[in-house]
Structure formats: C-alpha cells, structure tokens
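What follows is one structure encoded as structure tokens, with my remarks underneath.
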Amino acid sequence: MKRSRTPEELLKHEAVAKARKSIRLLQGQIADRLLKITAEVEALHEHLTAKETTQFLHAACELDLTDASAFVKASVSLKGCHGLLREKRIGFAQLRSLATADNETRRESLLRMEAGASVGTKDVAAIRAHFKRQKLTFWDLQARTAMRRTIAAARRRMAVSVKLVDKRVGEVMTKVDLLQSRLSPEVRTQYLASVQEIASEVLPRFEEVWGPQPASLKEALSLPNGSEGRGVALAYAALRRVADGQLGGEYGYALDNTSQCRKVQTNLIDCLQSVTSAKPPLEFDAPAVRKPLAALPRPHLTVVELCAGAGGFSIGLERAGYHPIALVEFDKDAAATLRQNRPFWPVVEADMRTVDFSQYRSPNVDLLVGGLPCQPYSIEGLGLGKDDPRDLLPEGARAVDEIRPAAFVFENVAGLLHARHADHLGAFMKKLRKSGYAIQIIRMEAEDYGVPQERTRILIVGMRMAAMGAFRSPPKFPEWRANMGDALADLMAENGWLGAAAWAEALRTQVVRRNGADLRGALASTVVGRKGGSREKETARWAAKGIDIRNVADSAPTQQQAERAGPAFRPSLTLRMRARLQAFPDYWSFVGGKDSAARQIGNAVPPPVGMAIGLAVRSALRGTIFDYGALMRPGAVHQPEESARQLTWAPSIAADFVVEEFSSALPEVS
C-alpha cells in the first residue's frame with residue numbers, strides 16, 4: 171500500500187515544483203534575450219566589420235571583450251539555429267561554447283541537442299577533444315602522452331625549487347632585519363655568516379626559477395615601476411648584496427644609499443619581500459582593518475599630462491598628491507596660463523605629435539593623463555572621429571608605449587563610444603593592451619563631485635593587471651549636488667543687478683528631471699570651449715536657466731542693462747562665471763583674449779573630477795585607502811601644493827630648472 175505523504179513532504183514537493191516552473195520560465199526568458207542580442211549583433215554586420223562590432227559592444231555597450239566576441243561569432247555561426255536554442259533554453263555559457271567551437275564540434279553538438287540531449291560546456295569540450303584524438307595516429311598519441319609526463323615531472327621539480335626559494339628568501343629577510351637591531355659583535359658576526367651562507371645557497375635556485383637577471387642595479391631600476399620584472403630584479407640584487415656580505419656600516423641596508431629617496435626605494439627587506447610569501451618583519455603590528463586616510467601621505471606620485479590646457483586636470487591631480495614632471499600643451503595662451511598660475515610647473519609648449527616621450531621613461535612615471543581633444547567625437551565638433559585633424563588618440567597610445575607609466579587616464583566625451591567610432595576606439599585600445607595594460611572605461615558625472623554643471627565624461631583607465639585588480643571607480647557623492655544659482659549668486663550681484671537674488675532663488679528651487687529622478691536645483695548646461703555662435707538647441711537650454719549664452723560678458727550685469735532689456739533680460743556669463751561653473755578656484759587666472767580664455771575654460775577637466783580619479787588611481791597603485799569625503803568635500807581648503815613652488819624635474823625642452831636625480835618620490839625642497 172502506497173504511503174501517504176506527510177504535511178512537510180507535501181510542502182517540500184509544492185516548493186520544488188513551484189521553483190522548477192519558475193526557473194524553467196526564467197531560463198526561457200534568458201535564452202530569448204540572449205538570442206535577441208545575437209539578432210541585434212547580426213543586424214550590425216550590414217554596417218560594421220566583425221572587428222568593429224566587437225569593439226562597439228565592448229566600448230559602447232560595456233560588454234566584456236570576450237563576451238562581445240562570443241556574440242559576434244554566435245551571430246554568424248549559430249544563424250538559423252535560434253529555434254532549437256530557444257527550445258533548449260540555452261544559457262550564455264552554452265551559447266559562447268557553441269559559438270567559439272570549430273565547425274565540426276558545433277555541428278555534432280547541435281545534432282545531439284536536436285536528438286534530445288542536454289549539451290553543456292563540458293560536453294562541447296569533450297566532443298572537441300574526441301574529434302582531435304580521432305585525427306591523431308597511434309604514434310602521435312604516444313608522443314603526446316610522453317610529453318605530458320615530461321611536463322608534469324618538470325612542474326613538480328620546479329614546484330620544489332619555488333618552495334625552497336620562497337622559504338630561504340624569507341629566512342634571509344628575517345635575518346637582515348635582526349642585523350639592524352642591537353647585537354653584540356660576536357652575535358652580529360654569526361648572523362652575518364649565516365645569512366651570507368643562505369643567500370649564496372639560494373642564488374642558483376633563484377636563477378633556475380626566475381631566469382637570468384640584470385647585471386647592474388641601474389638596469390634593474392630602469393624597469394617599469396610596479397612590474398614583476400623590476401621586483402624580481404631588485405630581489406636578486408638584494409640577495410647578491412647579502413651573499414657578498416655587504417650589509418651594515420658603509421653599505422647600509424639598502425641597495426642604493428645615495429639619497430633618502432633611493433634608500434626607501436631599494437630597502438633590502440622591501441626588495442626581498444616581493445618574491446616571498448613570508449611575513450615581513452613587524453607585520454603583526456599592522457592593524458587588521460586600515461582606517462581610510464583623511465590627509466595625503468608622502469611621497470607624492472609623478473605625472474605627465476598631455477593636452478594640459480588651462481590646468482583643470484592638473485589642479486585636481488595636485489590636490490590628489492601628484493607632482494608634474496611635464497605638462498604638454500600646444501596652445502600658447504593655455505601654456506601661458508599654466509606658467510602664470512604655477513611658475514615652476516614644467517610646461518612643454520609643443521605639439522605632442524612632435525614630442526619624443528621616451529625621454530620621460532627613465533624616472534618611472536606613475537601616471538600619464540590626457541584630456542585629448544574631444545571635438546572629433548562631440549556633437550559640437552561634428553563627430554568626425556578619426557577623420558578630424560584634431561584627433562590625437564593614436565598619439566596618446568604612442569605616449570603610453572614610449573613612457574610605460576604605471577597607470578594612464580584619458581578623458582573624453584561620451585560620443586567617443588558611438589558606433590561610428592568603434593573601429594578607431596578599438597584600434598586605440600588594442601595598442602594600449604599591446605603595451606601590456608588592462609583597461610577599464612568608466613563614466614563620471616561632474617555633478618557627483620559638487621560641480622554645478624551637467625558634464626558627462628568617460629575616462630579610459632589603464633594599469634598593469636595586478637594593479638587593475640585593485641582599481642575601483644571613485645565613489646559618487648550625489649548629496650554634494652550644487653546648483654547654478656548658488657554657484658553664481660555673488661558674481662551676478664557684484665555690479666548692482668537687483669534681480670540677482672531672485673535669479674539665483676529661481677534656479678535654486680527649480681525642480682529638474684535628471685537620470686530618472688526629480689531633483690531640486692538647476693545645473694548649468696555643459697560649458698563648452700568656444701565663445702559664441704551657439705547652436706539653437708544650446709541657446710534654448712541656457713535660456714531656460716536664465717542665461718544668454720550667445721556671448722561672453724565683459725563684466726557682471728548691471729541694473730541699467732536689466733532695465734534697458736526689460737522683463738526678458740537674461741545675463742551673459744563672464745569668464746570668471748564660466749570658470750566657477752567648471753570649479754576652477756577663483757584665484758586661477760587665464761591668459762589670452764575672451765575667445766581664447768573661454769575655449770581654455772570650456773575644454774578643461776573640472777578639478778574635482780581630476781582629483782577623484784587621481785585618488786582612485788593612487789589607491790590602486792599604492793594600496794592606500796582614502797576618505798574621499800574628508801579630502802574632497804566642497805568647501806575644503808586646498809592650499810597650492812609644494813609642487814607649485816619647488817623645482818621640478820623635466821628634460822631641458824620643458825623648463826629652466828633641471829634636477830639631475832629624480833625618482834617617483836621627490837625629495838622635499840625647503
């Protein structure tokens with residue numbers, strides 16, 4: 171007799187049945203959407219090449235490059251199979267596996283699916299392996315098996331060597347630390363002999379694991395900052411120094427004792443730490459949870475800036491603790507603006523297409539940034555892209571390749587991600603990856619950092635893979651949202667216009683729709699880099715906010731001007747007002763006529779945006795956690811950094827002052 175189910179069993183059965191029904195329905199919906207994306211990609215083939223389509227999906231749709239490539243392949247190789255795939259409720263992993271398989275494997279997999287089999291990614295891999303084995307002769311199989319055994323044996327042997335090197339380097343590191351403590355002469359002699367013996371023993375094994383290393387310290391230090399090769403080379407140099415007994419006394423405990431900066435950079439323990447899993451000395455003193463820093467630590471990081479303009483990005487990076495070693499700018503007025511506000515900044519007034527960037531590679535630049543011309547990709551600039559003579563993306567890639575910085579950031583308009591620029595952007599990113607960098611494209615809204623302006627920009631961020639794993643986009647602060655009325659109230663009233671307070675109040679209380687939400691307070695429209703000749707839509711946008719954008723005013727509005735114009739009076743923005751909307755400090759002055767100054771202001775990166783991305787990059791490169799709120803909060807006092815007053819290194823093309831020795835940690839100048 172069949173046993174009746176208990177209430178608990180009935181509930182369990184109902185829950186399982188309900189979940190199965192819901193999950194199967196969701197699987198069908200997922201498959202349907204995946205195939206709709208594939209169909210959309212298929213439609214793009216009429217207008218774009220496969221390569222252009224992949225780059226478009228990656229850059230504009232923010233798909234992972236591998237996933238984008240899979241959709242492109244699926245749109246071709248799985249054409250005509252959508253009904254079967256929809257019936258099988260295919261997931262993305264299966265779709266990608268089938269799309270990237272060879273024709274023979276794909277055909278067999280689809281035949282099995284038609285026959286009712288459930289074919290997953292492992293099944294596709296097994297089918298591929300089966301066909302490969304079928305094509306091999308008996309002796310091919312024998313040779314492959316023998317090679318696998320040889321490789322496995324070599325790996326086991328290498329694993330033994332790696333573990334031994336790791337252990338011995340840790341012992342050397344510990345003993346070097348003990349030698350720096352107070353020891354009697356006899357004990358010191360014993361420790362020195364012991365550490366020499368261990369270092370001498372491990373050197374051959376080190377070479378076996380890591381291969382040949384640079385013969386000189388100078389060669390090791392010339393390797394890119396943060397690279398694995400540099401860390402290994404310095405560890406090898408440290409072991410050789412220890413094996414030679416060159417510790418303490420005149421040798422000290424660093425590879426290079428010529429300056430305090432070099433001592434810090436080449437500290438023996440730090441050099442050895444990069445190739446061992448052993449805990450560094452005194453590691454137990456470090457707090458388990460690090461508190462975010464509300465002040466910038468030393469040393470500063472170094473930066474080379476391309477298309478520096480009037481210095482908006484430069485100000486932000488200065489506030490984030492970066493020292494410029496070169497600011498490249500072609501426009502003579504913008505270059506003069508930089509020199510006037512920061513006399514000791516190393517300004518290179520030159521067309522970046524003529525600059526040999528390899529001259530900056532020696533100091534191991536921490537960051538390369540560039541607000542490359544946006545006109546080729548903006549609506550205002552007609553969006554000609556690679557056909558625009560102002561396009562400098564290829565030069566940006568060349569600068570990265572020649573300088574090899576630890577990180578780079580290129581800022582541009584969102585129009586760069588449009589489909590018509592996909593091939594050009596793809597070629598640019600391919601060059602960056604070829605230089606050894608992982609890349610992220612992030613979108614930043616200036617309003618999230620207290621800038622009273624609608625200004626959306628994309629930033630192409632690149633670092634070595636290890637650092638990129640630690641990179642996080644800067645946090646957003648929507649609560650800092652400002653409005654144009656509060657930002658310009660004092661400037662509008664300074665010449666006696668009686669309507670200034672009412673004008674500001676209207677903007678302060680205006681409710682606007684922004685990103686799907688109703689917000690209080692009107693932002694300025696995007697400040698652009700030109701004086702007049704405004705387009706009709708732009709004029710209308712500014713008019714809705716009480717501004718006549720067609721001209722640049724010489725001074726703040728007066729009551730007489732308002733009375734002459736009557737109720738329809740709308741003030742124009744002065745250069746200072748435009749600069750305020752871009753979050754330039756009020757003390758920052760601009761060289762050149764109104765047209766030139768307006769262009770400099772409109773083309774700039776708002777300093778708070780530059781500071782935010784500068785802190786994010788610094789955090790990834792140095793492992794430092796920052797309290798962005800404390801460092802960036804609107805109203806925080808930002809004193810000009812020492813870099814504005816001290817001598818800064820640059821090649822002779824760039825500045826009147828040249829310091830012979832330079833490192834990524836500049837010495838203080840009193």
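Residue numbers (our numbering): 171 to 840. Where is the CB? At the ideal position from N, CA and C, for every residue including glycine.
With at least 16 other beta carbons inside 10 angstroms of its own, W515 counts as buried. For Y619, DSSP assigns no beta-bridge partner whatsoever. Along the length of the segment 365 to 408, whole alpha helix (DSSP H) runs at least 4 residues long occupy 387 to 391, reported in chain order. In the structure shown, Q443 falls within a helical segment according to DSSP collapsed to helix, strand and coil. In chain order, A413 place their CB closer than 8 angstroms to the CB of S370, counting only its own chain and leaving out the 5 sequence neighbours on each side.
Every beta strand (DSSP E) of 3 residues or more that sits fully in the segment 467 to 553 is shown, in chain order, as 471 to 476, 492 to 499, 517 to 519, 537 to 540. Around the beta carbon of G250, a 10 Å sphere encloses fewer than 16 other beta carbons of the protein chains shown; the residue is thus reported as exposed. Where N582 is concerned, the enclosing beta strand (DSSP E) starts and stops at 577 to 583. In its own chain, leaving out the 5 sequence neighbours on each side, no residue places its CB closer than 6 angstroms to the CB of M317.
With 16 or more neighbouring CB atoms inside 10 Å of its own CB, G716 falls in the buried class. Minimum Cα-Cα distance from T696 among the listed residues D724, V621, L391, K646 corresponds to V621.
I573 places its beta carbon less than 9 angstroms from that of V535.
Beta-bridge analysis with DSSP links V682 to L689. Of the other Cβ atoms in all chains shown, fewer than 16 fall within 10 Å of the Cβ of Y757; this residue is therefore exposed.
Counting along the chain, no beta strand (DSSP E) covers V289, and no H or E run does either. When rounded, the separation of the alpha-carbon atoms in R769 and N582 is 16 angstroms. Per DSSP, G632 is not a residue of any alpha helix (DSSP H); the beta strand (DSSP E) it occupies stretches across 626 to 633. Assignment of F796 by DSSP, reduced to helix, strand and coil, places it in the strand class. A652 places its beta carbon 9 angstroms or farther from that of R613.
One Cα belongs to N685, the other to R678, and the distance between them is close to 18 angstroms. A Cβ-Cβ distance of about 15 angstroms is found for the pair Q752 and A782, leaving them out of contact under the 8 angstroms criterion. Here H228 is buried, its C-beta having at least 16 other C-beta atoms within 10 Å. Per the C-alpha coordinates, the member of G261, F483, L658 positioned closest to L785 is F483. Excluding five sequence positions before and after F754, none of the CB atoms of its chain fall closer than 6 angstroms to its own CB.
DSSP places N273 in the uninterrupted alpha helix (DSSP H) bounded by 273 to 284.
Here the alpha carbons of A608 and M635 stand approximately 5 angstroms from one another. Here V525 is not near I495, since their CB atoms are 9 angstroms or more apart. The bridge partners DSSP lists for M614 are R627. With distances taken between CA atoms, E377 lies nearest to L334 out of L334, M747, T709, Q312. In the DSSP assignment, N427 is bridged to no other residue. Annotation for R194: R259 place their beta carbon closer than 8 angstroms to its own, counting only its chain and skipping 5 residues before and after. Within the same chain, and ignoring the five residues on either side of S364 in sequence, the residues whose Cβ sits closer than 8 angstroms to its Cβ are K345.
In the DSSP assignment, E216 falls outside any alpha helix (DSSP H), carrying neither H nor E.
Between L306 and R314, the C-beta gap is smaller than 9 angstroms, which places the two residues in contact. For P564, the enclosing alpha helix (DSSP H) has its first and last residue at 563 to 573. Its Cα nearest to that of A405, the residue L387 stands out among A465, H591, L387, P543.
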